[in-house]
Structures are given as C-alpha cells and as structure tokens.
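Student:
In my numbering, the protein residues as written are 96 to 540.
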C-alpha cells in the first residue's frame, strides 16, 4: 500500500515545465508558418491585381529564401551567443511588422524587398527551435518533442489555410497581410515574457533539471554563452563529416516537397485544377493534416523504438526513408483529372513528407554540444536553399496549363534524398558520446 504513493510522487517529480516550453514553441511555429503561407493564399488575387506573370510570382515566392538561406549560419551562431529568448522574440516581432507592411505594397520590387525582410528575421527560427528542444528535453524524449513542434507547421497550414482564404475573401489580400502581421507582433511579446533557459527558469524544479541533464540536454547559462566567440574552425567542422553532408543534402530534398506545398500548391488547385477559390482552401488543408499526423507518428514511434531497444540508427532513419518513398506518390496526380484522386495522391505525398521531418534529431545527435545552434544553422541553410530553387524552378517548368513537369521535379528530388540517406549517411550510432562522434574526422579525398 505504501509503495503506490511513492511511485506517483516519483512520476510527478520530474516536472512538466519543459512541456509548457514545448507549447510555446508550438505556437511560435504556427505563427511562423501563418506568415509564410499567407503569400500562397494571396498569390492568385495578388497576381491578377498587380499583373504578375507566373515567373514573377515564382521570384516573389523565392525571395524569402534568398536571405533566409544566407543568414542561417550567422543566425545559428547568434542563437548560441545570445539565446533563443532574445533572438526569437525580436525576430518574431520584426518579421510580423514587415508582414503587416505587405498591405501597402504595390509593385514587384516592393514585394521582393518585403519578402527579403521577412526571410531575414525568420532566419534564426528553426535553429532556435532546435536549440530550445536540445536544452529542455533529454535524448529519449527528443524525437517526440521534435515531432510535436514540427507538427505545428502542418497544424498551422491545415488550420490556417481555410481561415486565411476566408480572411482574404472578406478583407482582400492586403487585409490578409495586415491581420496576420499584427497577430504575430502580439505573440512576440508573449514569448519574450514567458520563455527562459532551463537554468534561469524560476518554475523548473531540481528534479526536472536533473532529469533533462542526465538525459543529455544542453544546460548552459547566458554568462557562459556570452563568452563564446566565432571561430572559422567551428564552421569548417560542420563540413568535415560525410554523415553531416548526407543529412544536409537530404534536408534539401525533403524541404523541396514542403516548399511546393507552401508556395505553389493553392495556385495549382485554383488555376491548374480549376477548383473553387474558397473550397480549395479546405481541400488544401487535407494534405496538411496528413503531414501533421505523419510527423507526430514518426516522432513517437521513433522514440518508442529507442526505448524498446531497437537500433537507434534504424529507429531514427526508417521514418525518413519511408517518408521520402511515399513522397513519390505525388506523381500520381499527373495521371488523373479526378479531384478526389488528386488530393489523395497529394495527401500521401505530404504524409510522407511529415514522416521525414524528424531529421532535426540527427543535428542534436551528430553535432558537438556547444555548436548545436551553428550546426542547426548549416542544416537549415541547405534545407532553405530549396525555398529559393523550388519556387523558381516550378515557375519556369509550368507550361501553359501543364503542371506535370513540376511534380516530376519534386519526385526526382525525393528519390535523390532516399539515395543520400541510404548511401551517404549510412549507419548512425546515436549512442556515441558527442565529444567523440565521427564528424570531427575529415572526409576522405
């Protein structure tokens, strides 16, 4: 009789502050992707209003990625140096302000400039998310945490897309940008007031700190981080491992599918598949929901396999390879005019993309502890390159009413990603202590 209360106390003693922090990150990403997808919702009306060609829209879509990609590595170092609270809070407020300013844009050049601004201040987002999770969660909970926060991008897309279509129907594309921008500025203040690092959070218990410390979480004070100086050798270290290079290229191919759905997908449904404007907002949410379930499934199953003693390499890599294999189903949409089948093929492809999105777990596993932010910056830089290449490539590939070459392009990249994880990354021993991991060894020349 006396053992049961003790067991209950032990479960509670690990604390739950880390889950509150995960909730904050979850909402951050919903806001983040709301401010990315609003352009895809506005694209058809904007292009008609301002007389933009498909190639011009492709350039506007990709402008975000030009500077977003370029600032990933500096952004990763800034996060290691100043922490997620300041970098995330300031960045979120300013990119939301710039989003609101889209409401007064009237030219191709003006929109290019605004998208560059959004990309610049969103650059630290993903490395910062990874840093937060690496600081607050032990290794055996990390894939689940990554799965939960990564699912927020699909929740945002699935839940927000129909809402954004309605907002635009009521207030026009200019009102759409104004409303989404103001919402982001308000949330930036909330984040800054609530978030703290583990060692600085007044609500975290000693038991919870011990739990995450023993599990391999990164616990570092702001004073320690402030002493860090940039070193070119640290950056060079990020490119000395074949395995790291393999996950970098894999991230480019995984992100390519995501950026198709984030940019051209609503236009594909409305303009090339002739679906009703408002109805397409609801239809577009179906693949986003599929991706949401995919990323959650991947995270929880991966951690469950780890806890059951399955090879860590298999448990982490299997969802990624399976997911990219399912992405190939996107080709099926080229061989049917049935709207239900089109959405089915798109949903299977995006479900697969969701499965593959837990790749951030490899960054925390392979990178040195003190360079998690920098490694995340390099990793997300390669993924962000797809935000430049894919929108422009699709804009150039679509010919009249023929979208088939663009979907084939996405499938080819997914196939290359599978090859990268199978033959370049190979086996990953996630149990090796980080101080001795093989990324410090130079690639054979």
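Note that CB positions come from ideal geometry on N, CA and C, so glycine has one too.
This structure is a prediction, so every number in the text was calculated from the model and none was measured.
Could you pull the start and end residues of the alpha helix (DSSP H) that residue 434 belongs to?
Tutor: Segment 434 to 450, the alpha helix (DSSP H) holding residue 434.
Student: With a floor of 4 residues, list each alpha helix (DSSP H) that falls wholly inside the region 330 to 413, ordered by position along the chain.
Tutor: 337 to 358, 372 to 402
Student: Can you find the residues in the same chain that come closer than 7 angstroms, C-beta to C-beta, to residue 395, ignoring five residues on each side of it along the sequence?
Tutor: 239, 242
Student: Assuming residue 153 contacts residue 490 under a Cβ cut-off of 8 angstroms, what Cβ separation, rounded to an integer in Å, is found between them?
Tutor: 2 angstroms
Student: For the alpha helix (DSSP H) containing residue 155, name the first residue and the last one.
Tutor: 149 to 165
Student: Using a Cβ distance threshold of 8 angstroms, determine whether the region 409 to 428 contacts the region 255 to 262, with at least three qualifying pairs required.
Tutor: no
Student: Which same chain residues end up closer than 6 angstroms to residue 451 when comparing Cβ atoms and leaving out the 5 residues on each side of it in sequence?
Tutor: 349, 415, 418, 419
Student: Who are the Cβ neighbours of residue 502 in its own chain at under 7 angstroms, not counting the five residues just before and after it?
Tutor: 425, 426, 428, 429
Student: Under the assumption that residue 82 contacts residue 379 (Cβ atoms under 8 angstroms), give the Cβ distance between them as a whole number of angstroms.
Tutor: Residue 82 lies beyond the range of the chain shown here (96 to 540); nothing can be said about it.
Student: Please name the residue in 246, 230, 273, 235 whose C-alpha comes closest to that of residue 294.
Tutor: 230
Student: Thinking C-alpha only, which one of 367, 112, 366, 355 is nearest residue 382?
Tutor: 355
Student: Please classify residue 496 as buried or exposed, where buried requires at least 16 other C-beta atoms within 10 Å of its C-beta.
Tutor: exposed
Student: For residue 286, I'd like the list of residues in its chain whose CB is within less than 7 angstroms of its CB, leaving aside the five on either flank, ordered along the chain.
Tutor: The residues are 119, 123, 183, 184, 187.
Student: Would you decide whether residue 302 is buried or exposed? Buried here means 16 or more other CB atoms lie within 10 Å of its CB.
Tutor: Around the beta carbon of residue 302, fewer than 16 other beta carbons sit within 10 angstroms, so the residue counts as exposed.
Student: Which two residues bound the contiguous alpha helix (DSSP H) that contains residue 234?
Tutor: 234 to 289 is the extent of the alpha helix (DSSP H) around residue 234.
Student: So, under 8 angstroms CB-CB, residue 436 and residue 509 are touching, yes? Tell me the CB distance rounded to an integer number of Å.
Tutor: Actually they are not in contact, since the Cβ atoms of residue 436 and residue 509 sit about 20 angstroms apart, beyond 8 angstroms.
Student: Rounded to the nearest angstrom, what separates residue 535 and residue 523 at their Cα positions?
Tutor: A caution first: residue 535 carries a pLDDT of 36, below 50, which makes its placement in the model unreliable, though a value can still be read off. Straight-line Cα distance between these residues: approximately 14 angstroms.
Student: At what residues does the alpha helix (DSSP H) containing residue 308 begin and finish?
Tutor: 301 to 309
Student: Can you tell me where the alpha helix (DSSP H) with residue 140 in it begins and where it stops?
Tutor: 112 to 145
Student: Taking C-beta to C-beta, are residue 390 and residue 449 nearer than 8 angstroms?
Tutor: yes
Student: Going by beta-carbon coordinates alone, are residue 351 and residue 157 separated by less than 8 angstroms?
Tutor: no
Student: Tell me the residue span of the alpha helix (DSSP H) that contains residue 220.
Tutor: Residue 220 -> alpha helix (DSSP H) spans 220 to 231.
Student: Closer than 8 angstroms is the cut-off here; do at least three beta carbon pairs connect the region 217 to 226 with the region 196 to 207?
Tutor: no
Student: Could you tell me the alpha carbon to alpha carbon distance between residue 393 and residue 135, rounded to whole angstroms?
Tutor: Those two C-alpha atoms are separated by around 27 angstroms.
Student: Tell me, to the nearest whole angstrom, how far the beta carbon of residue 191 is from that of residue 276; I am working on the premise that it is less than 8 angstroms.
Tutor: 5 angstroms
Student: Using 8 angstroms as the threshold, is the region 269 to 284 in touch with the region 438 to 448, meaning 3 or more CB pairs across them?
Tutor: no
Student: Given a threshold of 16 other Cβ atoms within 10 Å of its Cβ, counted over all protein chains shown, does residue 405 qualify as buried or as exposed?
Tutor: Residue 405 is classed as exposed because its beta carbon has fewer than 16 other beta carbons within 10 Å across all chains shown.
Student: Rounded to a whole number of angstroms, what is the C-alpha to C-alpha distance between residue 179 and residue 308?
Tutor: If you take the alpha carbons of residue 179 and residue 308, they lie about 19 angstroms apart.
Student: Which one of 311, 194, 263, 121 has the shortest CA to CA distance from residue 63?
Tutor: Residue numbering for the chain in the displayed model covers 96 to 540; residue 63 lies beyond these limits and cannot be assessed.
Student: Is the CB-CB distance between residue 483 and residue 171 below 8 angstroms?
Tutor: no
Student: Would you report the Cα separation of residue 363 and residue 514, rounded to the nearest angstrom?
Tutor: 28 angstroms
Student: Excluding five sequence neighbours on each side, which residues of the same chain lie with their C-beta closer than 7 angstroms to the C-beta of residue 454?
Tutor: 342, 345, 346, 349, 415
Student: Is it buried or exposed for residue 369, if we count other Cβ within 10 angstroms and need 16 for buried?
Tutor: exposed
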